[in-house]
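**Student:** Quick note: the numbering used here has the sequence shown finishing at residue 857, numbered continuously throughout.
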Amino acid sequence: MSGDHYFSSQPAAPSRPRQVELALPDLTMTLTTDAGVFSPERIDPATKLLLQEATDLGPTAAEHTDPHLLDLGCGYGPIALTLARRFPTATVWAIDTNERAVALCRANARAHGLDHVRPCVSTDDEPFAGVPDDIRFAGIWSNPPVRIGKAAMTALVSTALDRLTATGLAHLVVHRHLGADSLHRSLEGAGWQVTRRLSRRGIRLLEVSRRDDRDLPAPDAHPEQP
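Take a look at the structure:
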């Protein structure tokens, strides 16, 4: 992508590393951030809401002792690292188009001894580059990149949802004024079960799962490209 945004593959902003504290009821971590990534000066409020409220695997927990989890749009890693701390037997895939952000996520995971985090750089052509095609996610957590545009964001989220397990659950946080309700409608129209779990200070927390009549893709199916 062109321009210098948090979703640019190679941000042009000069590097200015700093540290932020992620403080949740069950854990505290210091994370290194940098210019040119999403919310470099603090943990974004929507991300913090997601981590405070979406704390378990739900119905899929009983079926997966070593689940694969996804942080879609990982930034410097607050979601991925929290998942890794909460689910120590899981493999946590952390993907982002921003190479600087992915490098930070990798470094932060290493600093906290979380070697079951798998950061990957995604591309427009391969949104899941680095993630084997047969991997299915028992859970997805995301504060999706709304600034790429509603249509592109919906396509990206839909591509991720297609890799949910049969009982998997996705947790998404989106501001109301940035398209949360249109995303809700779009996903329902595409056949997903969508529940608005809460709305706080204009932030919607959506939970998405498969309907009983929605087919599960074959394990070797390639995800549809946005």
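The C-beta atom is built at its ideal place from N, Cα and C for all residues, glycine as well.
Let me check one thing: in DSSP terms, what residues is methionine 660 bridge-paired to?
**Tutor:** Leu653, per the DSSP bridge assignment.
**Student:** Taking all protein chains shown into account, decide if histidine 853 is buried (16 or more other Cβ within 10 angstroms of its Cβ) or exposed.
**Tutor:** Residue placement at histidine 853 is poorly supported in this model, since its pLDDT is 36, which falls under 50; the coordinates are not used for a value here.
**Student:** Can you give me the Cβ contacts of proline 857 inside the same chain, cut-off strictly under 7 Å, excluding the 5 residues immediately before and after it?
**Tutor:** Because the pLDDT at proline 857 is just 30, under 50, the model does not fix this residue reliably, and the value given afterwards should be weighed accordingly. Cβ neighbours of proline 857 beyond the five flanking positions: Pro758, Ala783, Ala786, Leu787, Thr790.
**Student:** Quick one: using the 10 Å Cβ neighbour count with 16 as the cut-off for buried, is glycine 708 buried or exposed?
**Tutor:** Buried: at least 16 other Cβ atoms inside 10 Å.
**Student:** Apart from the five residues on each side of it in sequence, which residues of its chain come closer than 7 Å, Cβ to Cβ, to histidine 743?
**Tutor:** For histidine 743, where only same-chain residues beyond five positions count, the Cβ hits under 7 Å are Met660, Leu712.
**Student:** Do you know offhand how far asparagine 739's Cα is from glycine 667's?
**Tutor:** Asparagine 739 and glycine 667: Cα-Cα distance of roughly 17 Å.
**Student:** So is leucine 836 buried or exposed if we call it buried at 16+ other beta carbons inside 10 Å?
**Tutor:** With 16 or more Cβ atoms within 10 Å of its Cβ, leucine 836 is classed as buried.
**Student:** Would threonine 720 be called buried (16 or more neighbouring beta carbons within 10 Å of its own) or exposed?
**Tutor:** Exposed: under 16 other Cβ atoms inside 10 Å.
**Student:** Since isoleucine 834 and proline 676 are thought to touch, with beta carbons under 8 Å apart, how far apart are those beta carbons, to the nearest angstrom?
**Tutor:** About 7 Å separates the two Cβ atoms, so the contact holds.
**Student:** Per DSSP, valine 825 forms a beta bridge with which residues?
**Tutor:** Val839, per the DSSP bridge assignment.
**Student:** Based on Cα-Cα distance, which residue from Thr796, Ala797, His815 lies nearest to valine 805?
**Tutor:** When each option's Cα is compared against that of valine 805, the closest is His815.
**Student:** Looking only at its own chain, which residues have a Cβ that is under 6 Å from the Cβ of serine 840, when we skip the five neighbours before and after it?
**Tutor:** Hits under 6 Å: Leu800, Gln824.
**Student:** Please give me, in chain order, every unbroken run of the alpha helix (DSSP H) with length at least 4 that falls completely inside the stretch 760 to 792.
**Tutor:** Counting whole runs of 4 or more residues, the stretch 760 to 792 contains the alpha helix (DSSP H) stretches 781 to 792.
**Student:** How is the alpha helix (DSSP H) around proline 750 delimited, first residue to last?
**Tutor:** Segment 748 to 752 is the beta strand (DSSP E) holding proline 750; no alpha helix (DSSP H) there.
**Student:** Would threonine 663 and leucine 735 be called neighbours here (beta carbons separated by less than 7 Å)?
**Tutor:** Result yes, Cβ atoms of threonine 663 and leucine 735 sit closer than 7 Å.
**Student:** Which one of Leu658, Asn774, Arg842, Asp697 has the shortest CA to CA distance from glycine 704?
**Tutor:** Residue Asn774 is the option with its Cα nearest to glycine 704.
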